[in-house]
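To start, the structure under review is shown below, and the notes come after it.
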DNA sequence: AGCTAAACGGACGCATGCGTCCACTACCGT
DNA sequence: ACGGTAGTGGACGCATGCGTCCGTTTAGCT
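Chains as they are written, first to last, in our numbering: chain A, 129 to 317; chain B, 129 to 317.
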């Protein structure tokens with residue numbers, strides 16, 4: 129799935145790898161992407177060298193760490209697609225994507241503007257965007273979504289949602305919920 | 129106006145002070161707040177010591193550098209207040225505040241979340257918010273603004289607008305214009 | 001012109017984060 | 001149990017940004 133073979137690793141190495149990913153997930157979600165690699169290593173209980181051996185760049189680490197969250201995004205979009213009412217499905221997608229972003233400080237950059245070279249993430253992102261475009265097209269068909277709203281507008285709003293900085297996670301989630309509601313109002317025909 | 133007396137300075141010192149502020153304004157707008165103090169000193173053609181002597185902290189420098197931009201914000205709000213049609217005035221305020229934010233990368237933080245101790249900015253900010261609250265109240269009276277939209281929602285959207293990152297100023301301005309339009313749609317009754 | 005104090009800026013020491021090297025450890029096959 | 005090798009993490013050198021000190025320059029008054 130991700131280039132490197134994780135199977136040939138020795139048991140302790142595999143163990144450390146998992147602990148590193150757990151630590152990265154926690155700290156990226158809580159503090160954002162501006163944390164030193166050392167801090168992640170420290171929390172994982174390993175030395176810096178071990179961290180750098182498994183993940184040569186912060187990007188590689190982030191890509192792996194956010195993989196499941198990216199999958200959650202894809203799942204949200206897929207779920208929206210299957211909704212019999214496209215407008216309702218779109219609303220759900222907006223609400224849930226905003227919440228996902230709010231719960232993980234660092235994930236925003238990965239999903240919206242994407243890392244320059246995170247191919248795995250970028251591919252899934254493109255697929256999700258294509259699905260969203262289809263969902264929006266159908267939602268316009270029902271007359272609930274304003275015809276002049278483009279896919280770019282949705283991306284725009286998601287990016288803006290990422291700008292909702294707040295110290296506590298709870299405050300961010302609350303703000304994002306309100307933002308999602310306002311976005312839906314902006315999109316409603 | 130700002131504690132320190134700038135009048136007793138020697139002519140060359142006063143000159144340098146102005147060049148520092150000009151450089152700070154330019155670089156803060158273009159690059160954001162994450163530029164080294166050294167860089168500003170370099171562009172102003174002075175040594176680091178001179179910069180630190182005039183502005184002990186980056187905050188002090190930013191407060192002075194953004195003073196006129198903050199005045200522009202206040203002017204925008206005041207102009208909106210005098211509009212005979214409150215809803216139209218509010219729309220103008222939203223559009224122009226979004227554009228001001230987009231044109232200066234670093235100003236966003238100063239106006240929305242404000243620096244912890246920038247009293248000058250904070251005071252004007254509070255006054256502007258009070259004015260905005262009044263404008264919104266009147267706009268609701270005309271029936272054009274949705275009754276359930278609060279002042280906090282406007283602040284929320286302005287903060288979100290600050291999250292619209294883009295490399296070029298033109299791209300940021302374009303995105304902000306679209307965002308302002310969507311915000312107005314979200315607020316419209 | 002000469003003097004004095006204000007102003008200047010290069011240079012210094014400190015702190016932080018990065019990426020890498022190497023002597024030590026411990027897993028795993030025999 | 002034991003040897004070989006994958007794996008480890010402390011330590012190192014480098015780079016960048018910060019804030020301050022001090023010898024030198026220059027404005028401004030007489």
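Where is the CB? At the ideal position from N, CA and C, for every residue including glycine.
1) Just mark residue 152(B) as buried or exposed, buried being the case when its beta carbon has 16 or more other beta carbons within 10 Å.
2) Is the separation between the beta-carbon of residue 217(A) and that of residue 263(A) shorter than 8 Å?
3) Please report the straight-line C-alpha distance between residue 148(B) and residue 166(A), rounded to a whole angstrom.
4) Using a Cβ-Cβ cut-off of 8 Å (strictly less than) and excluding sequence neighbours within five positions of residue 150(B), which residues of its own chain qualify?
5) Cβ atoms of residue 281(B) and residue 310(A): under 8 Å apart, would you say?
6) Cα separation between residue 298(A) and residue 161(A)?
7) Quick one: does residue 223(B) have its CB under 8 Å from some CB of chain A?
8) According to DSSP, is residue 292(A) helix, strand or coil?
9) Residue 129(A): buried (16+ other C-beta within 10 angstroms of its C-beta) or exposed?
10) Who are the neighbours of residue 306(B) on chain A, taking C-beta pairs under 7 Å?
11) Using the Cα positions of residue 202(B) and residue 252(B), report the straight-line distance between them to the nearest angstrom.
12) Are the beta-carbon atoms of residue 223(A) and residue 308(A) separated by less than 8 Å?
13) Which same chain residues, not among the five before or five after residue 270(A), have their C-beta less than 8 Å away from its C-beta?
14) Under the rule that 16 or more other beta-carbon atoms within 10 Å means buried, what is residue 139(B), buried or exposed?
15) Indicate whether residue 314(B) and residue 314(A) have their beta-carbon atoms separated by less than 8 Å.
16) How would you list, in chain order, the residues of chain A whose beta-carbon sits under 8 Å from the beta-carbon of residue 179(B)?
17) Tell me the rounded alpha-carbon separation between residue 227(B) and residue 208(B).
18) Quick one: what's got a C-beta closer than 7 Å to residue 205(A)'s C-beta in the same chain, skipping five residues either side?
19) State the beta-bridge partners of residue 316(A) as determined by DSSP.
20) In chain order, what residues of the same chain have a beta carbon less than 8 Å from the beta carbon of residue 137(A), not counting five sequence neighbours either side?
21) What residues of chain A sit near residue 290(B), judged by a beta carbon separation below 8 Å?
22) What residues in its chain sit with their C-beta under 7 Å from that of residue 285(A), if we drop five residues either side in the sequence?
23) Rounded to whole angstroms, what's the CA-CA distance from residue 193(A) to residue 272(B)? Just pull it up for me.
24) Comparing alpha-carbon positions, which option in 234(A), 294(A), 210(A), 179(A) lies nearest residue 195(A)?
25) Could you tell me the alpha carbon to alpha carbon distance between residue 300(A) and residue 176(A), rounded to whole angstroms?
26) Between 142(A), 143(A), 250(A), 159(A), which lies nearest to residue 127(A) when the distance is taken from Cα to Cα?
27) Just the C-alpha distance for residue 231(A) and residue 191(A), rounded to the nearest angstrom, thanks.
Result, derived from the coordinates:
1) Residue 152(B) is buried by the Cβ-count criterion.
2) Yes; because the gap between Cβ atoms is below 8 Å, this pair is in contact.
3) Computed Cα separation, rounded: 36 Å.
4) 172, listed in sequence order.
5) Yes, the Cβ-Cβ distance between residue 310(A) and residue 281(B) is below 8 Å.
6) Straight across, the Cα-Cα distance linking residue 298(A) with residue 161(A) is about 19 Å.
7) For residue 223(B), the answer is no, since every Cβ of chain A falls outside 8 Å of its Cβ.
8) Correct three-state label for residue 292(A): coil.
9) No answer about residue 129(A) holds up, because its pLDDT of 45 lies below 50 and its placement is not dependable.
10) Contacts between residue 306(B) and chain A, judged by CB atoms closer than 7 Å, involve 281, 284 in chain order.
11) Distance between residue 202(B) and residue 252(B), taken at the CA atoms: about 7 Å.
12) Contact flag set, yes.
13) Once the five neighbours on either side are set aside, the close Cβ partners of residue 270(A) are 213, 214, 215.
14) With fewer than 16 neighbouring CB atoms inside 10 Å of its own CB, residue 139(B) falls in the exposed class.
15) Taking the C-beta atoms as reference points, residue 314(A) is found nearer than 8 Å to residue 314(B).
16) The premise fails here: residue 179(B) is roughly 25 Å from chain A at the closest Cβ pair, so nothing lies under 8 Å.
17) So the two alpha carbons sit approximately 15 Å from each other.
18) Only 221, 256, 259, 260 meet the Cβ criterion.
19) Residue pairing for residue 316(A): DSSP places it in a beta bridge opposite 273(A).
20) Taken in chain order, the residues that qualify are 145.
21) Contacts between residue 290(B) and chain A, judged by CB atoms closer than 8 Å, involve 291 in chain order.
22) Around residue 285(A), the same chain offers 311 as residues with beta carbons nearer than 7 Å, after the five sequence neighbours per side are excluded.
23) Going by the C-alpha atoms only, they are around 46 Å apart.
24) Closest by alpha carbon: 234(A).
25) Within the model, the alpha-carbon separation for residue 300(A) versus residue 176(A) is close to 32 Å.
26) No information on residue 127(A) is available, as it lies outside the stretch 129 to 317 that chain A covers here.
27) Looking at the two C-alpha atoms, the distance is approximately 17 Å.
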